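Protein chains in written order, with the numbering used here: chain A, 1087 to 1356; chain B, 171 to 403.
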């Protein structure tokens, strides 16, 4: 027992050793000649592996590429998970996060966000004609995935509902198909992506009930002002030049797999 | 190097503390119900396994091999998602209207652990000299009554240390119930991490609670065996 306690103290001490803050990413990336971007690799159409080329492609990757091009450096993409992306950024394994990350106040305490480069909202995937208004879902079981902002929002919007958090969205969707939950809730784009791949998609629908805005931001290290300003200027310029619209149309335009009207423009945060 | 600021207040007070406590409560419920059921079922399977009636023996043997040799996580998914395909729709509708997540977790934990417990009890029984069984049979006891009054009380006493191990395993294995949305201790620790990014604090708290829980279970079972099973006269 004494030994175990000693071991625990040692581990604690190791973790407690605080690291130094990072120097300027802008200069570091320029000097290195490559920018490392943390992206999702299984969340179409934001970041996923293309069947033919075996490369990670998507909306998020196109924004990384634009920033890298503007910096005049090569882009290297690195797959990250929702849980690991922030620690990886803070440890310096990646220079920027572009991984469907919702901007919120809790996260903004740890890292800096760019202006929003994508806007979606949290909605509900339900069996056809089962839900007309939000109140139809109160008191029911609602499925979502662990560690997401979706769960938090659902609890607020439906205080009497039971929220069941599964490990990932496919399981939550299976629970919906088996009638174990009345709905799966998360960002509309993720729901639509899931639905587009389902074999029995005619039985489901996403009613027009939105419980939150989900603005996605590019994540950078806290206090890295020069780099944050540069990224912000880059994406604002992309909006002005029409490049941002072009990237949107590539993934969400009328000819894409997931057609959705663009309801936002990239503007400077207040 | 990760720059990390510790904030133990997230797990010692307020909303997140409440989550951890509610998770602990559910872990205790889940473990207590499953331990009792797994022990009883384990006893039954052990007796069946040693029966002289061939089909009964084979059923018990098949049960043991099947449930000991498949991963618990797969069994949890089987009872929760897989049962849907087998059961009639009306039963499914009824199950879905209840707290089926909890029930499926209890079923999986009970069946999985009972297989291990049965083997532990069987090894305990085998260590009792077989003359005792012969003596009790010639004294007029039936096979089941001999087991009940003569063999099992001794065997269970011998089996206490490995049984404690199985109970502790079950308690820790109950964390797998979070995969089907049962909000037990590990689930809540992960929720606290997701909401606050204070994963180190959340999991340290959960670890300490599991250690405390394990010590309490060990103490209770040891005390019971000393006071009740080993009493004389």
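The beta-carbon is built from N, C-alpha and C at its ideal position, and this holds for glycine as well. These figures come from a predicted structure and were not determined experimentally.
Report yes or no: is there a C-beta of chain A within less than 8 Å of the C-beta of residue i?
{"i": "residue 195 of chain B", "result": "no"}
{"i": "residue 367 of chain B", "result": "yes"}
{"i": "residue 364 of chain B", "result": "yes"}
{"i": "residue 289 of chain B", "result": "no"}
{"i": "residue 270 of chain B", "result": "yes"}
{"i": "residue 262 of chain B", "result": "yes"}
{"i": "residue 349 of chain B", "result": "yes"}
{"i": "residue 187 of chain B", "result": "no"}
{"i": "residue 337 of chain B", "result": "no"}
{"i": "residue 127 of chain B", "result": "What the structure shows of chain B is the stretch from 171 to 403, and residue 127 of chain B is not part of that stretch, so it cannot be assessed."}
{"i": "residue 251 of chain B", "result": "yes"}
{"i": "residue 238 of chain B", "result": "no"}
{"i": "residue 380 of chain B", "result": "no"}
{"i": "residue 266 of chain B", "result": "yes"}
{"i": "residue 394 of chain B", "result": "no"}
{"i": "residue 360 of chain B", "result": "yes"}
At the level of alpha carbons, what is the spacing between residue i and residue j?
{"i": "residue 236 of chain B", "j": "residue 289 of chain B", "result": "13 Å"}
{"i": "residue 1197 of chain A", "j": "residue 1176 of chain A", "result": "8 Å"}
{"i": "residue 1252 of chain A", "j": "residue 179 of chain B", "result": "27 Å"}
{"i": "residue 1221 of chain A", "j": "residue 368 of chain B", "result": "34 Å"}
{"i": "residue 1349 of chain A", "j": "residue 1318 of chain A", "result": "20 Å"}
{"i": "residue 365 of chain B", "j": "residue 390 of chain B", "result": "36 Å"}
{"i": "residue 1237 of chain A", "j": "residue 1116 of chain A", "result": "39 Å"}
{"i": "residue 1269 of chain A", "j": "residue 1118 of chain A", "result": "47 Å"}
{"i": "residue 372 of chain B", "j": "residue 1149 of chain A", "result": "35 Å"}
{"i": "residue 267 of chain B", "j": "residue 278 of chain B", "result": "20 Å"}
{"i": "residue 1258 of chain A", "j": "residue 376 of chain B", "result": "25 Å"}
{"i": "residue 1107 of chain A", "j": "residue 1290 of chain A", "result": "Low confidence applies to residue 1107 of chain A: its pLDDT is 46, below 50, so where it sits in the model is not reliable, and the reading given next is rough at best. So the two alpha carbons sit approximately 49 Å from each other."}
{"i": "residue 1211 of chain A", "j": "residue 1267 of chain A", "result": "11 Å"}
{"i": "residue 1336 of chain A", "j": "residue 360 of chain B", "result": "36 Å"}
{"i": "residue 191 of chain B", "j": "residue 1152 of chain A", "result": "47 Å"}
{"i": "residue 183 of chain B", "j": "residue 374 of chain B", "result": "15 Å"}
{"i": "residue 1313 of chain A", "j": "residue 1324 of chain A", "result": "16 Å"}
Just checking: is the beta-carbon of residue i within a distance shorter than 8 Å of some beta-carbon in chain B?
{"i": "residue 1265 of chain A", "result": "yes"}
{"i": "residue 1253 of chain A", "result": "yes"}
{"i": "residue 1172 of chain A", "result": "yes"}
{"i": "residue 1208 of chain A", "result": "no"}
{"i": "residue 1325 of chain A", "result": "no"}
{"i": "residue 1289 of chain A", "result": "no"}
{"i": "residue 1162 of chain A", "result": "no"}
{"i": "residue 1250 of chain A", "result": "yes"}
{"i": "residue 1244 of chain A", "result": "no"}
{"i": "residue 1192 of chain A", "result": "yes"}
{"i": "residue 1205 of chain A", "result": "no"}
{"i": "residue 1260 of chain A", "result": "yes"}
{"i": "residue 1232 of chain A", "result": "yes"}
{"i": "residue 1137 of chain A", "result": "no"}
{"i": "residue 1196 of chain A", "result": "yes"}
Since residue i sits in a beta bridge, which residues does DSSP pair it with?
{"i": "residue 1299 of chain A", "result": "A/1207"}
{"i": "residue 1128 of chain A", "result": "A/1134"}
{"i": "residue 1122 of chain A", "result": "A/1162"}
{"i": "residue 1305 of chain A", "result": "A/1183, A/1199"}
{"i": "residue 1142 of chain A", "result": "A/1135"}
{"i": "residue 271 of chain B", "result": "Residue 271 of chain B pairs with nothing; no bridge assigned."}
{"i": "residue 1188 of chain A", "result": "A/1302"}
{"i": "residue 1291 of chain A", "result": "A/1212"}
Classify residue i as buried or exposed, calling it buried when 16 or more other Cβ atoms lie within 10 Å of its own Cβ.
{"i": "residue 225 of chain B", "result": "exposed"}
{"i": "residue 343 of chain B", "result": "buried"}
{"i": "residue 1232 of chain A", "result": "buried"}
{"i": "residue 1189 of chain A", "result": "buried"}
{"i": "residue 357 of chain B", "result": "buried"}
{"i": "residue 315 of chain B", "result": "exposed"}
{"i": "residue 1293 of chain A", "result": "buried"}
{"i": "residue 176 of chain B", "result": "exposed"}
{"i": "residue 1201 of chain A", "result": "buried"}
{"i": "residue 232 of chain B", "result": "exposed"}
{"i": "residue 1171 of chain A", "result": "buried"}
{"i": "residue 319 of chain B", "result": "exposed"}
{"i": "residue 1154 of chain A", "result": "buried"}
{"i": "residue 382 of chain B", "result": "exposed"}
{"i": "residue 1130 of chain A", "result": "buried"}
{"i": "residue 385 of chain B", "result": "exposed"}
{"i": "residue 1227 of chain A", "result": "buried"}
{"i": "residue 1122 of chain A", "result": "buried"}
Looking at residue i and the ligand NAP, is the gap between the Cβ and the nearest heavy atom below 7 Å?
{"i": "residue 394 of chain B", "result": "Absent from the structure shown: the ligand NAP. Ligands present: none."}
**Study point:** Continuous beta strand (DSSP E) assignments of at least 3 residues falling wholly in the stretch 1199–1276 of chain A
**Key:** 1227–1231, 1248–1252, 1269–1273
Check your understanding: Which whole runs of the alpha helix (DSSP H) in the stretch 292–326 of chain B are 4 residues long or more, in chain order?
Key -> 300–308, 313–316
**Study point:** Secondary structure, alpha helix (DSSP H): runs of 4+ residues fully inside the stretch 183–249 of chain B
**Key:** 184–219, 224–238, 242–247
**Study point:** Complete runs of the alpha helix (DSSP H) confined to the stretch 330–391 of chain B [at least 4 residues]
**Key:** 355–366
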